[in-house]
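Protein chains in written order, with my numbering: chain A, 40 to 122; chain B, 40 to 122; chain C, 192 to 344; chain D, 192 to 344.
Below is one structure, written out as structure tokens; the observations come after it.
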């Protein structure tokens, strides 16, 4: 599964994109975030205030209780500020 | 005093602009309209539905109960349709 | 600024004239009104106006908008005379720091133009020529600005 | 139509491309968002985005607006990359028979752009560089379109 990070989430994790294999126990976005926070201090810091972070599964906005299912691409980013 | 007529009020009266001397009894716009209607069938027809007609005194919108006072220019026209 | 003219206007050039070189503007709204052929019912539109009062009303509308919203720049251009379907009739531009003020002021301009500026449209089509009737909805639209609604809402 | 690009856009040319030769349009609204220097606090703005999802979101916003209002034409152009104060950021165009639909749809576009299109602004100034924070007011503004408000109101 491909993970993408944007804006300050990318800066804090130090990663723009990566391919990962998730543990079978990870079924929702919230569980994915909890797992990411165990991967090192950069990730723990980036997702420290997880409620601020927005998530998209396969390029569509989702809430953190969304099931990951057969997702190919999951992206994490701050609230958007375009326009 | 100068009277101006626009759009279909002008077409019905057949007059675009004229200078008139008002009878002393005419003090308000409504009284002016009543007097104008006595000036011939074109004027009676133009002002037949007087409540539809809008009035400006010295280039500012007024209601028909407005006093004429020292007005130099009074204009009659249909509801505006620009923009 | 306000202008009443027979000639066409160039929207891009008018926006550029108002905003070029400025770094304090965040939001620019333009409204352009154009002649519709109404599925063939209109082949020409003629705009009559009341010279003198027209300019006075447009300036009054612009002054009201500027006292109500923090506008960095604004423009009203209204054409008169004979127009064809597709032709421009009116241009309103508003520029502000934030989009709410620019949108609200542009709508305010148009609502008041439609109800207080002394212009009258006459449409000509295959069945002859007639004066356009005012729409009750335009009075309603203008009325909403009297209720204390402002950019902060 | 939607476009995401680094290059600037020409507002007048974009309006002409959408409306020239048409006689069924009565109202054209444009919104242009530009970089403010905020009294010297901003010397550069960088726009990051999520390629792929950005286009998907803009198309979704445009489709929603078209299902909600009778639009004859619409356009969203959003820039990315490094911009300077005074530069254009975003252009929204809406064309309809009547002004209410054109104004409402343009505001709908902007409210949803601000809350759902994956763009992020980073501002650089004399004191360094920081990511722009989202405004709570933008969520509120977008929320008003969920209450059944439409062009007929």
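Beta carbons: idealized from backbone N, C-alpha and C, even for Gly.
Owing to the predicted nature of the structure, the values given are computational and were not obtained by experimental measurement.
On a Cα-Cα basis, can you pick out the residue from the options that is closest to residue i?
i, options, result
"residue 275 of chain D", "C/297, C/216, C/259, C/311", "C/216"
"residue 56 of chain B", "B/101, B/119, B/42", "B/42"
"residue 113 of chain B", "B/69, B/79, B/81, B/53", "B/69"
"residue 229 of chain D", "C/223, C/228, C/214", "C/214"
"residue 80 of chain A", "A/94, A/51, A/93, A/104", "A/51"
"residue 117 of chain B", "C/299, C/306, C/315, C/211", "C/306"
"residue 265 of chain D", "D/256, D/328, D/246", "D/256"
"residue 192 of chain D", "D/278, D/261, D/298, D/249", "D/249"
"residue 220 of chain C", "C/329, C/320, C/283, C/319", "C/283"
"residue 263 of chain C", "C/330, C/280, C/208", "C/208"
"residue 243 of chain D", "D/336, D/194, D/223, D/273", "D/194"
"residue 330 of chain C", "C/225, C/277, C/308", "C/308"
"residue 351 of chain C", "D/277, D/212, D/202", "Within the shown structure, residues of chain C are numbered from 192 to 344, placing residue 351 of chain C beyond reach of any answer."
"residue 224 of chain C", "D/337, D/267, D/210, D/237", "D/210"
"residue 315 of chain C", "C/222, C/272, C/196, C/197", "C/272"
Whole angstroms are fine: how far does the CA of residue j sit from the CA of residue i?
i, j, result
"residue 122 of chain A", "residue 72 of chain A", "28 Å"
"residue 344 of chain D", "residue 296 of chain C", "Low confidence applies here, because residue 344 of chain D scores a pLDDT of 37, under 50, leaving its location unreliable; read the following figure in that light. Whole-angstrom Cα-Cα distance: 18 Å."
"residue 88 of chain A", "residue 205 of chain D", "42 Å"
"residue 61 of chain B", "residue 115 of chain B", "16 Å"
"residue 199 of chain C", "residue 270 of chain C", "7 Å"
"residue 253 of chain D", "residue 288 of chain D", "18 Å"
"residue 67 of chain B", "residue 44 of chain B", "17 Å"
"residue 54 of chain A", "residue 251 of chain D", "29 Å"
"residue 63 of chain A", "residue 246 of chain D", "32 Å"
"residue 313 of chain D", "residue 279 of chain D", "15 Å"
"residue 109 of chain A", "residue 101 of chain A", "14 Å"
"residue 336 of chain C", "residue 48 of chain A", "43 Å"
"residue 92 of chain B", "residue 218 of chain D", "28 Å"
"residue 104 of chain A", "residue 268 of chain D", "33 Å"
"residue 320 of chain C", "residue 78 of chain B", "28 Å"
"residue 281 of chain C", "residue 99 of chain B", "22 Å"
"residue 328 of chain D", "residue 286 of chain C", "20 Å"
"residue 90 of chain B", "residue 298 of chain C", "28 Å"
"residue 227 of chain D", "residue 241 of chain C", "40 Å"
"residue 58 of chain A", "residue 197 of chain D", "28 Å"
"residue 334 of chain D", "residue 258 of chain C", "28 Å"
So with Cβ pairs under 8 Å, would you call residue i a contact of chain D?
i, result
"residue 337 of chain C", "no"
"residue 53 of chain A", "no"
"residue 296 of chain C", "no"
"residue 46 of chain A", "yes"
"residue 327 of chain C", "no"
For residue i, would you say it is in contact with chain A, using Cβ-to-Cβ distances shorter than 8 Å as the test?
i, result
"residue 307 of chain D", "yes"
"residue 274 of chain D", "no"
"residue 310 of chain D", "yes"
Just to confirm my understanding: we take residue i, look at its own chain, exclude 5 residues before and 5 after, and list those with CB closer than 6 Å. What are they?
i, result
"residue 76 of chain A", "82, 83, 86"
"residue 311 of chain D", "239"
"residue 65 of chain A", "71, 74"
"residue 332 of chain C", "302"
"residue 342 of chain C", "With a pLDDT of 39 at residue 342 of chain C, under the threshold of 50, the modelled position of that residue is not reliable, and the figure given next carries that caveat. For residue 342 of chain C, where only same-chain residues beyond five positions count, the Cβ hits under 6 Å are 260, 291, 292, 295."
"residue 95 of chain A", "114"
"residue 237 of chain C", "273, 313"
"residue 317 of chain D", "none"
Would you say residue i faces chain B, with C-beta separation under 8 Å as the test?
i, result
"residue 205 of chain C", "no"
"residue 212 of chain C", "no"
"residue 279 of chain C", "no"
"residue 316 of chain C", "no"
For residue i and chain C, any beta-carbon pair shorter than 8 Å?
i, result
"residue 196 of chain D", "no"
"residue 323 of chain D", "no"
"residue 246 of chain D", "no"
"residue 330 of chain D", "no"
"residue 270 of chain D", "no"
"residue 59 of chain B", "no"
"residue 100 of chain B", "yes"
Using a Cβ-Cβ cutoff of less than 7 Å, which residues in the same chain neighbour residue i once the five nearest sequence positions on both sides are dropped?
i, result
"residue 340 of chain C", "Note that residue 340 of chain C has pLDDT 45, beneath the 50 cutoff, so the model's placement of it is unreliable and no number is given."
"residue 106 of chain B", "66, 67"
"residue 202 of chain D", "221, 223, 282"
Apart from the five residues on each side of it in sequence, which residues of its chain come closer than 8 Å, Cβ to Cβ, to residue i?
i, result
"residue 123 of chain A", "Nothing in the structure corresponds to residue 123 of chain A, since chain A is present only between 40 and 122."
"residue 119 of chain A", "93"
"residue 46 of chain A", "116, 117"
For residue i, is the beta carbon positioned less than 7 Å from some heavy atom of the ligand SAM?
i, result
"residue 313 of chain C", "You won't find the ligand SAM in this model; it holds no ligand whatsoever."
Would the segment 323 to 339 of chain C count as touching the segment 277 to 293 of chain C if we require 3 or more Cβ pairs under 8 Å? Too few Cβ pairs lie closer than 8 Å, so no.
Contact between the segment 298 to 305 of chain D and the segment 232 to 247 of chain D (3+ Cβ pairs under 8 Å): Contact fails between the segment 298 to 305 of chain D and the segment 232 to 247 of chain D, because fewer than three Cβ pairs, one in each stretch, are under 8 Å apart.
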